[in-house]
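Colleague: As given, the protein sequences belong to chains A and C, one line each in that order. Just so you know, we're using our numbering here: the first sequence kicks off at 1 and counts up by one. Just so you know, we're using our numbering here: the second sequence kicks off at 1001 and counts up by one. The C-beta atom is built at its ideal place from N, Cα and C for all residues, glycine as well. The structure displayed is predicted, hence computed values, not measured ones.
2 protein chains.
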Amino acid sequence: MSKTRSKQADARGGDGILRVVPLGGLGEVGKNMMIMEYVSGNSHDSIIIDAGIMFPENDMLGIDYIIPDFNYIMDRLDTIRGVIITHGHEDHTGAIAHVMQHVDAPVYGTLLTRGLLEVKLESAGLLDRTELVTIKAGDTIQLGPFQIEFFHVTHSIPDCVGLGITTPVGLVVHTGDYKFDHNPVDGWPPDYAKLAEFSQRGVLALFADSTNATVPGWTPSESEIEPAFDHIFRNAPGRIIVATFASLISRVQQVVNVAERYGRRMVVQGYSMVENIRMAERLGYLKIPDWMPITVSEAKELSPREVFIMTTGTQGEPLAGLGRLSTGQHRNFEIEPGDTVLMSSHPIPGNEEMVYRTINKLIQRGAEVIYDPLASVHVSGHAAQEEMKLMINLVRPKFLVPIHGELRMLHQHAKMGQELGIPRENIAVVENGYVLEFTADSMTIGERVPGGYVYVDGAIVGDVGPAVLREREILGRDGLVIVDVLVDSDTRKIVGEPEIISRGFVFMRDAQPLMNGAQARIEQVISQTDNISTRALGRNLQDALERYFYAETKRRPMVFVFVHAV
Amino acid sequence: MSKTRSKQADARGGDGILRVVPLGGLGEVGKNMMIMEYVSGNSHDSIIIDAGIMFPENDMLGIDYIIPDFNYIMDRLDTIRGVIITHGHEDHTGAIAHVMQHVDAPVYGTLLTRGLLEVKLESAGLLDRTELVTIKAGDTIQLGPFQIEFFHVTHSIPDCVGLGITTPVGLVVHTGDYKFDHNPVDGWPPDYAKLAEFSQRGVLALFADSTNATVPGWTPSESEIEPAFDHIFRNAPGRIIVATFASLISRVQQVVNVAERYGRRMVVQGYSMVENIRMAERLGYLKIPDWMPITVSEAKELSPREVFIMTTGTQGEPLAGLGRLSTGQHRNFEIEPGDTVLMSSHPIPGNEEMVYRTINKLIQRGAEVIYDPLASVHVSGHAAQEEMKLMINLVRPKFLVPIHGELRMLHQHAKMGQELGIPRENIAVVENGYVLEFTADSMTIGERVPGGYVYVDGAIVGDVGPAVLREREILGRDGLVIVDVLVDSDTRKIVGEPEIISRGFVFMRDAQPLMNGAQARIEQVISQTDNISTRALGRNLQDALERYFYAETKRRPMVFVFVHAV
């Protein structure tokens, strides 16, 4: 990286440093939160872009979700001029309440994004004290030294924006999550003109979505799945159950459009689906004919061919609508032979087993299940390789910072940038927490700020760290044994029989010989020791039992020993 | 299903019943083991087809692998005339030692399959007392009433066979794992002629591989990945590290062929890769030029462009070669900038997170990582939809039984069978344990035999069942708390302070207020009770603490309480 700072920069008015730090995101760089700061002399101003959560990986046992570690922001609270949310998805909005507990600045989002943020702030009791500002694509706002122009991008939720941020050192473009969809369901294509205009003005740096950087070609338009939907609604012999993400408003609209063509009535199931549809309709993002929605009891009166159920659970979540249907645990409906289930989604990596299990159970109950790749019933919301190249060529930035993706995706995005003529040293592939510093003609990768991510488990934020997860892993793999022993306080001989309890280790009914052996080991250890404290005896017993259980079972349960002298 | 048994059947000599039961396989029907029996009057003969293991899903905590529950076979030990292994993969061979502990009958397999079985039987101390019979494609053997013709099929390990089994009620064809590869690396295409000949004779039932039933089209030939390999070997600026499955002998051969072209020397790493290459070379399945293999120290002397490393670990296993390289824990080598890693594999569903984590870490260390879909460096070993249709049309069976796949795949396979003219009632989509009964003109789906699968954890087979797994899940999710309390044997007042231990629950250093609250609850419960047994007091304390912890943390750790009167 060039570390030269030229006089030219100062001449343009940018004698300070622009600093950008991607935060949080389980390796998905800058996905959930970024901070942008401008420091010049005594002035220090910053903005936060997005405040989302991540979902845990399979080996993060017991974790509900993960929020970015924003200690870096905590040290700069008085510099924050605004919080900008690019769109309404959980991985960009889910941590808003955690952030707004600390930050005293307005929150900016489009109408739909605002609606989704309000729900979260309300349930955290923060709605009253948060200033929410509705913006729309095309608007420009000034936050300290940052002039922010919002431009429309297409994605898998309506009303998404990217950001053109004019800073004292130059123009920075942030794509948000995007794809280039020429035929979006809401009829509002991406704002190519604005991107071209940015390019004319000269773009210092492009921060661009890398999610699909390993996917060749061009992500199909949302409208390309309509024929598959039409085919299903035309031919299904009975009820149709459509499952998709509750936030995928455009998908709901597509289903409603097709259902209208065939006169099917809709019953919506699942809290998040009901709430999202209600809000999207109220705010004008979703048009549903008056005759279409029906109640559960109305649905049961009608013939199966006149009904479809709109629900959630495409990731195999056992408690969501589709999961409950697959196990016969749904409150209102049961899967019957003749039902057609349409899963309009892809499994998120890590969820495949759960998703396929759900599909198998639905088939077992007699449903016909249609999912990708059996039919084209889902498209991604993110740009594929050719779109990412188009973005780079439209914007023509001096510096490229691939964001929103794992390292392997950023790396691939960087290679595309190089192919398009951006010198390798002008591309920054960094992980979360690295400080990127910009002047008008340089980009420097600085130190990594301390931090990582914060686990949320139940009602508590951040008390579960790697040590606790490691204990959960051991307990989850091999279980535990607890031994409670009494010894005579004078003779140190064992009193009665030791109590031995195990959980998650062996099936106790079959394990009597093993436990008899353990008891013999306990008695042997006690008979061979004298004149040591009960604590020391406890440690000896623990050592002996750990060795014994490993020798007998090749497992390493956690062993706890309590010794009391009586 | 037709339940009619005609006189015709008897006329053909089949007055008995042919029974086929797929066993084991975590929902992958008949993948790991099948039993075929013929019962007529007092005679009862059977054969076992395959004896494999399955790997656990992500939520089967602590399980090493799973073997089929073969209690059904245990009840018929004296009827077994032979054990036939179709090919050398773990999911068809891995349980051989468990089975041969009980079964007294010869084991039949091709030369390579036999080699792989010998290793397993040897390490279980069963090699001496097991009769292993080497067969080859084209051979015919007679086992009781079963005449078995072995025919060559192509798959992702050499020397695979399918089975044409002439039984008293008709000819049954079992495909084994297969794809129709016109250009296999070993130059030995599938035996289409034999399949056509079966069809001429008339096939009662086809048991066919369904693994890729949801994949449209035709699985590419093994040879189609060669251009990608060539490109990498021609252009890699430094060392190449090739990772693939140790059993994928043909892939190793392809890599060796390309390396020969560019004069690269090979160092093999990882126990299973070393062993498999050694055996495959000894048995003539692998040809490696004499000059190519080198030792680790020789590899370190040469320039990086003259070397490639052949290793395992494509599924993200942390202890396999690639996993150790990705974390800097490899005994012999370290990843350096300029290295190219070629992952010739697909992630098995459930392994994606681990695989991508490994790739990210390799990139972090400076390697260029090439994997599907970035380049065509892997093809499946299983037939896709068009091949499955070809199989059905070649064999033209009366009855179709989709096997080797989850229910959703079998279901799709069945739909293809219907499209090709097999009546729905002549297709059996069943799960493991269902008894299929055949006469010369009928197929009946019978009862499901009890059983499922048997977990192997450490040194013990089968003692871990759903109850133990459920305990592991709870412990893995929320951890545990153990409380040890002393009370005065007369006054029942608390003596000293209770000892409170937690693991996997909260980070103890931060949890002092929580534990103080727990202690207060304990003291309160004890002070409010009198004249009850220490056992009853323990139960009260456990209840109170479970409620307390849930209220405070929304988590449900396992709580254990020990109360002693002193």
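1. Buried or exposed, going by whether 16 or more other CB atoms sit within 10 Å of the CB of TYR38(A)?
2. For the segment 182-205 of chain A, enumerate the residues whose C-beta is nearer than 7 Å to any C-beta of chain C, in chain order.
3. Below 8 Å, can you find three or more Cβ-Cβ pairs linking the segment 384-392 of chain A to the segment 1345-1359 of chain C?
4. For LYS136(A) versus HIS155(A), is the C-beta distance shorter than 8 Å?
5. Beta-carbon within less than 7 Å of MET1001(C)'s beta-carbon, same chain only, minus the 5 sequence neighbours each way: which residues are those?
6. Does GLY465(A) come within less than 8 Å of chain C when only Cβ atoms are used?
7. For ILE63(A) and GLN315(A), I'd like the C-alpha separation in whole angstroms.
8. Pull up the DSSP beta-bridge partners for PRO1293(C), would you.
9. Tell me, please, which residues DSSP counts as bridged to GLN1243(C).
10. Answer with yes or no whether the minimum CB distance from HIS1413(C) to chain A is below 8 Å.
11. Taking a cut of 7 Å between CB atoms, which residues from the segment 351-366 of chain A lie near chain C?
12. Given the structure, does PRO1216(C) come close to the ligand GTP, in the sense that its CB is under 7 Å from one of the ligand's heavy atoms?
13. Please classify ARG239(A): is it buried, with 16 or more other beta-carbons within 10 angstroms of its beta-carbon, or exposed?
14. I want to see whether chain C comes within less than 8 Å of PHE70(A), judged by CB atoms only; does it?
15. Can you pull the chain C residues whose beta carbon is under 8 Å from the beta carbon of PRO373(A), in chain order?
16. Return the residues of the segment 445-479 of chain A that lie within a Cβ-Cβ distance of less than 9 Å from chain C, sorted by chain order.
17. Could you tell me the boundaries of the beta strand (DSSP E) in which ASP457(A) lies?
18. Any contact of the segment 1469-1489 of chain C with the segment 1532-1545 of chain C, i.e. 3+ C-beta pairs under 8 Å?
19. Where do the N-terminal and C-terminal ends of the beta strand (DSSP E) with ALA208(A) fall, by residue?
20. For ALA1011(C), which residues from the same chain have a beta carbon less than 8 Å from its beta carbon, with the 5 sequence-adjacent residues on both sides left out?
21. Quick one: measure Cβ to Cβ for GLY94(A) and TYR65(A), integer angstroms, because I've assumed they're closer than 8 Å.
22. For PRO1349(C), decide whether its Cβ has a neighbour in chain A, counting only Cβ atoms nearer than 8 Å.
23. Within 8 Å, do at least three Cβ pairs link the segment 1016-1023 of chain C to the segment 1166-1181 of chain C?
24. Does ALA1236(C) have its Cβ less than 8 Å from a Cβ in chain A?
25. So, are the CB atoms of GLU406(A) and ASN1360(C) less than 8 Å apart?
26. Sort out for me which residues DSSP pairs ALA565(A) with in a bridge.
27. How big is the Cα-Cα spacing for SER303(A) and ILE249(A)?
28. Anything in the segment 53-69 of chain A with a Cβ closer than 7 Å to a Cβ of chain C? List those residues in chain order, please.
29. Got a sec: which bits of the segment 396-409 of chain A sit with their beta carbon under 7 Å from any beta carbon on chain C, in order along the chain?
30. Under 7 Å Cβ to Cβ from ILE1035(C), same chain only, skipping five residues before and after it: list those, please.
31. Would you mind listing the alpha helix (DSSP H) stretches within the segment 403-468 of chain A that are 4+ residues and don't spill past its ends, in chain order?
32. If you run the structure through DSSP and keep just helix, strand and coil, what is LYS31(A)?
33. What does VAL1506(C) reach in chain A if we use C-beta pairs closer than 8 Å?
34. Can you pull the chain C residues whose beta carbon is under 7 Å from the beta carbon of THR553(A), in chain order?
35. With distances taken from CA atoms, which of ASN1235(C), LEU1286(C), GLU1281(C), ARG1282(C) is nearest ARG1264(C)?
36. Need the endpoints of the alpha helix (DSSP H) that PHE150(A) sits in, please.
Modeller: Judging by the given coordinates:
1. Along the first sequence, one-based indexing puts residue 38(A) at 38. In this structure TYR38(A) is buried. Its beta-carbon is surrounded by 16 or more other beta-carbon atoms within 10 angstroms.
2. Result list empty, no residue passes.
3. In short, these stretches do not touch, since the Cβ pair count stays below three.
4. As a first step, residue 136(A) must be located in the first sequence, where it is residue number 136. As a first step, residue 155(A) must be located in the first sequence, where it is residue number 155. The answer is no: Cβ separation not under 8 Å.
5. Reading the second sequence from its first residue, position 1 is the one you call residue 1001(C). Unreliable positioning characterises MET1001(C) in this predicted model, as indicated by a pLDDT of 38, which lies under 50. A coordinate reading is not provided.
6. As a working mapping, residue 465(A) is identified with position 465 in the first sequence. At least one chain C Cβ lies under 8 Å of GLY465(A).
7. Taking the first sequence and counting its residues from 1, the one referred to as residue 63(A) is at position 63. Taking the first sequence and counting its residues from 1, the one referred to as residue 315(A) is at position 315. Cα to Cα, the separation comes out at about 17 Å.
8. The residue given as residue 1293(C) occupies position 293 in the second sequence. According to DSSP, PRO1293(C) bridges with MET1266(C).
9. Residue numbering aside, residue 1243(C) sits at position 243 when the second sequence is read from its first letter. Here residue 1243(C) is Ala; the residue named in the question, Gln, does not match the sequence. Answer is THR1311(C), MET1343(C), bridged to ALA1243(C).
10. Taking the first residue of the second sequence as 1, we reach residue 1413(C) at position 413. With 8 Å as the cut-off, HIS1413(C) does not count as an interface residue toward chain A.
11. Cβ contacts with chain C: GLU352, GLU353, TYR356, ILE359, ASN360, ILE363, GLN364.
12. Although the ligand GTP was asked about, the structure shown includes no ligands whatsoever.
13. Here residue 239(A) is taken as the residue at index 239 of the first sequence, counted from 1. Burial call: buried.
14. The residue given as residue 70(A) occupies position 70 in the first sequence. No, no contact with chain C.
15. In the first sequence, residue 373(A) corresponds to position 373, counting from 1. What PRO373(A) touches in chain C: THR1214, VAL1215, PRO1216.
16. Here the close residues are ASP457, GLY458, ALA459, ILE460, GLY462, ASP463, VAL464, GLY465, ALA467, VAL468, LEU469, ARG470, GLU471, ARG472, GLU473, ILE474, LEU475, GLY476, ARG477, ASP478, GLY479.
17. If you number the first sequence from 1, residue 457(A) lands on position 457. Secondary structure note for ASP457(A): its beta strand (DSSP E) is the uninterrupted segment 453-457.
18. With the cut-off at 8 Å, the segment 1469-1489 of chain C and the segment 1532-1545 of chain C touch.
19. Locating residue 208(A) in the first sequence gives position 208, where the first residue counts as 1. Looking at the DSSP string, the run of the beta strand (DSSP E) that includes ALA208(A) is 203-209.
20. Along the second sequence, one-based indexing puts residue 1011(C) at 11. Unreliable placement is indicated for ALA1011(C), whose pLDDT of 39 sits below 50; no coordinate value is reported for it.
21. For this step, residue 94(A) is matched to residue 94 along the first sequence. For this step, residue 65(A) is matched to residue 65 along the first sequence. Correct: roughly 7 Å between the Cβ atoms.
22. Counting from one through the second sequence, the residue named residue 1349(C) turns up at place 349. Yes, because at least one Cβ of chain A sits closer than 8 Å to the Cβ of PRO1349(C).
23. Yes: the two stretches touch, three or more of their Cβ pairs being nearer than 8 Å.
24. Position 236 of the second sequence, counting from 1, holds the residue named residue 1236(C). Chain A, which has no Cβ nearer than 8 Å to the Cβ of ALA1236(C), makes this no.
25. Position 406 of the first sequence, counting from 1, holds the residue named residue 406(A). Position 360 of the second sequence, counting from 1, holds the residue named residue 1360(C). Yes.
26. Position 565 of the first sequence, counted from the first residue, corresponds to residue 565(A). Its beta-bridge partners are VAL487(A).
27. Counted from its first residue, the first sequence places residue 303(A) at position 303. Counted from its first residue, the first sequence places residue 249(A) at position 249. A direct Cα-to-Cα measurement between SER303(A) and ILE249(A) gives close to 27 Å.
28. With the criterion set as a beta carbon lying under 7 Å from some beta carbon of chain C, the members of the segment 53-69 of chain A are GLU57, ASN58, LEU61, GLY62, in sequence order.
29. Flagged, chain order: GLU406, LEU407, ARG408.
30. The sequence position of residue 1035(C) within the second sequence is 35, counting from 1. Excluding positions up to five away in sequence, the list reads VAL1021, LEU1023, SER1046, ILE1048, TYR1072, ILE1073.
31. Runs found: 407-419.
32. Counting from one through the first sequence, the residue named residue 31(A) turns up at place 31. Coil, per DSSP.
33. The residue you call residue 1506(C) lines up with position 506 of the second sequence. Proximity of chain A to VAL1506(C) at the Cβ level (cut-off 8 Å) is accounted for by ILE460, ASP463, VAL464, VAL468, in chain order.
34. Residue numbering aside, residue 553(A) sits at position 553 when the first sequence is read from its first letter. In chain order: GLY1458, ALA1459, ILE1460.
35. Stepping through the second sequence from its first residue, residue 1264(C) is reached at position 264. With distances taken between Cα atoms, ARG1264(C) lies closest to ASN1235(C).
36. Locating residue 150(A) in the first sequence gives position 150, where the first residue counts as 1. In the DSSP assignment, PHE150(A) falls outside any alpha helix (DSSP H) and within the unbroken beta strand (DSSP E) covering 146-153.
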